[in-house]
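Peer 1: Just add 151 to wherever you are in the sequence shown, counting from 1, and you've got the working numbering.
Handing you a structure now.
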Amino acid sequence: MSMRRLAAAVGVQSAALYRYFPTKQALLAALMTGHMNQLLAAWAQAIPGDSAAPLTRLDAFARFHIRYHMARPHEVFIAYMELRSLSPAHYKAVGKLRSTYEGILKDILTDGSQRGDFQLDDVHVTAMAMLAMLTGVTTWYQPGGRLSAADVEAHYTALVCRMAMTDFTDTTELPQQAAR
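Below is the structure:
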């Protein structure tokens, strides 16, 4: 889409867009960094506190992630599907914000593992699997469908908590971690 078409779609002159965003790349980067900054700020308001039990924090994180993302499916689509369109510099900036958010979940999982509450073979892999699952809800959930938003939130939160607490090593062979 050209900047001219985008300006027409939102009802402004293209010069107005160019005043704030000299290129489509700058606009895309602003949208994506804005999404991640808003996500991090919203989590800062919702956080249950480090003194809460890891399972309580994991439950809160999953519920927050689902609610936040279900309320913004278009922003989520752009923020996750257009990463490939960013310049290397913008990709690095967005990647840093994403790493910060991913780190929140990893810290919860690490804390739960260290306390013996969670059974995890690899915190990073578990966090990435959880985030992919939680974010993926925006690709299929439709308001007014078979499940309410609250039903989806409850189901996904239960799945995330079970992922952290289940010891799969008794029944499933997992690959050995590569030597570092």
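Just so it is clear, CB atoms sit at the ideal spot from N, CA and C, and this is done for glycine as well.
Values in this document were obtained by computation on a predicted structure and should not be read as measured data.
1) Looking only at its own chain, which residues have a Cβ that is under 6 Å from the Cβ of R331, when we skip the five neighbours before and after it?
2) Are the region 241-252 and the region 305-313 touching, with three or more C-beta to C-beta distances below 8 Å?
3) Which word fits T207, buried or exposed, when buried means at least 16 other C-beta atoms lie within 10 angstroms of its C-beta?
4) State whether the region 256-264 contacts the region 194-207, with contact taken as three or more CB pairs (one from each stretch) at a distance under 8 Å.
5) Indicate the three-state DSSP secondary structure (helix, strand or coil) for T317 in the structure shown.
6) Using the beta-carbon count (16 or more within 10 Å), is A301 buried or exposed?
7) Could you check what DSSP says for G296 in three-state terms: helix, strand or coil?
8) Can you tell which of I217, R218, I198 and V245 has the C-alpha that lies nearest to the C-alpha of Q176?
9) Exposed or buried, what is H225 when buried is set at 16 or more other beta-carbons lying within 10 Å of its beta-carbon?
10) With DSSP as the reference, label F212 as helix, strand or coil.
11) What distance in whole Å lies between the Cβ atoms of L182 and L259, which are believed to be in contact at a cut-off of 8 Å?
12) Indicate the three-state DSSP secondary structure (helix, strand or coil) for P173 in the structure shown.
13) Return the chain-ordered list of same chain residues with a C-beta closer than 8 Å to the C-beta of H220, the five sequence neighbours on each side being excluded.
14) Going by Cα to Cα distance, which pick from R313, T184 and G200 is closest to A240?
15) Applying the criterion that 16 or more other CB atoms from any shown protein chain within 10 Å of the CB defines a buried residue, is T174 buried or exposed?
16) By a C-beta neighbour count over all protein chains shown, 10 Å radius and 16 as the cutoff for buried, is M232 buried or exposed?
17) Once you ignore the five residues that flank A180 on each side, which residues in its own chain have a CB closer than 8 Å to its CB?
Peer 2: To lay it out plainly:
1) Counting from 1 along the sequence shown, the entry for residue 331 is found at position 180. In this predicted model, R331 has a pLDDT of only 39, less than 50, meaning its place in the structure is not dependable enough to derive any value.
2) no
3) If you number the sequence shown from 1, residue 207 lands on position 56. So T207 counts as exposed.
4) yes
5) Locating residue 317 in the sequence shown gives position 166, counting from the first residue. DSSP places T317 in coil when its eight states are reduced to three.
6) Here residue 301 is taken as the residue at index 150 of the sequence shown, counted from 1. A301 comes out exposed.
7) Here residue 296 corresponds to residue number 145 of the sequence shown, with the count starting at 1. It is coil, neither helix nor strand.
8) Counting from one through the sequence shown, the residue named residue 176 turns up at place 25. When only C-alpha atoms are compared, the closest one is V245.
9) If you number the sequence shown from 1, residue 225 lands on position 74. Flag for H225 reads exposed.
10) The residue you call residue 212 lines up with position 61 of the sequence shown. F212: helix per DSSP, three-state reduction.
11) Position 108 of the sequence shown, counted from the first residue, corresponds to residue 259. Position 31 of the sequence shown, counted from the first residue, corresponds to residue 182. Inspection of the sequence shows that residue 259 is occupied by Ile rather than by Leu. The beta carbons of I259 and L182 sit about 28 Å from each other, so the pair does not count as a contact at 8 Å.
12) One-based indexing of the sequence shown puts residue 173 at position 22. Correct three-state label for P173: coil.
13) Translated into positions along the sequence shown, residue 220 becomes position 69. Cβ contact annotation for H220 (same chain, cutoff 8 Å, sequence separation greater than five): V227, L285, T286, V288 and T289, in chain order.
14) Walking along the sequence shown from the start, residue 240 turns up at place 89. Of the listed residues, the one whose Cα sits closest to A240 is T184.
15) Mapped onto the sequence shown, residue 174 falls at position 23. By the 10 Å Cβ count, T174 comes out exposed.
16) For the purposes of this step, residue 232 is taken as residue 81 along the sequence shown, with counting starting at 1. Under this definition M232 is an exposed residue.
17) Position 29 of the sequence shown, counting from 1, holds the residue named residue 180. Same-chain partners within the cutoff: L237, S238, H241, A244 and V245.
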